[in-house]
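Novice: Here's a structure for you.
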């Protein structure tokens, strides 16, 4: 069982308000090491500079969207097994299938709360202590 405070999380969202909400929820769950990226391109740069244990990424972003980011991460040996949760405002079944086929570990629909986020994270990395 991972200790939340020992897990490094990268939040990727082009909206600062959503990054703030996600960071607040992660803090409520005990996460302390939280890195923010404002785009898929920014996330790739942060992944080169930091050790990250979990990515929570928005789907709809300019430049590199969440699905493209996921595909790039899955092709890199250092990041291919990295847990990845996709966040989106749409619950489109085709979109979910596409993300699953690209290797997403879990999916969360916006808006989300602390309980939902905890369930999605625990389904991917195990029960938090």
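In my numbering, the protein residues as written are -14 to 114. Even glycine gets a Cβ: it sits at the ideal position worked out from N, Cα and C.
DSSP three-state call for residue 93: helix, strand or coil?
Specialist: Residue state, collapsed to three classes: strand.
Novice: Any idea which residues DSSP pairs residue 73 with across the strands?
Specialist: BP columns for residue 73 point to 94.
Novice: Under three-state DSSP, which class holds residue -6?
Specialist: Three-state result, residue -6: strand.
Novice: In its own chain, which residues sit with a C-beta less than 8 angstroms from the C-beta of residue 12, not counting the 5 before and 5 after it?
Specialist: Counting only Cβ-Cβ distances below 8 angstroms, and skipping sequence neighbours, we find 19.
Novice: Using only CA atoms, which one of 21, 92, -13, 31 lies nearest to residue 52?
Specialist: Closest by alpha carbon: 92.
Novice: Run through DSSP, which three-state label would residue 32 get?
Specialist: Residue state, collapsed to three classes: helix.
Novice: Whose C-alpha, out of 62, 89, 26, 21, is nearest the C-alpha of residue -7?
Specialist: The shortest C-alpha separation from residue -7 is found at 21.
Novice: Could you check the C-alpha separation between residue 88 and residue 16 for me, to the nearest Å?
Specialist: One C-alpha to the other measures close to 24 angstroms.
Novice: Could you tell me the boundaries of the beta strand (DSSP E) in which residue 22 lies?
Specialist: Here the beta strand (DSSP E) through residue 22 covers 18 to 22.
Novice: How big is the Cα-Cα spacing for residue -4 and residue 28?
Specialist: One C-alpha to the other measures close to 8 angstroms.
Novice: Is residue 52 helix, strand or coil when you go by DSSP?
Specialist: Three-state result, residue 52: helix.
Novice: Measuring straight from C-alpha to C-alpha, what distance separates residue 101 and residue 3?
Specialist: Those two C-alpha atoms are separated by around 15 angstroms.
Novice: Take residue 72 as the anchor and find which of 34, 6, 65, 48 has the nearest alpha-carbon.
Specialist: It is 6.
Novice: Quick one, are the C-beta atoms of residue 74 and residue 104 less than 8 angstroms apart?
Specialist: No, these two residues do not count as a Cβ contact at 8 angstroms.
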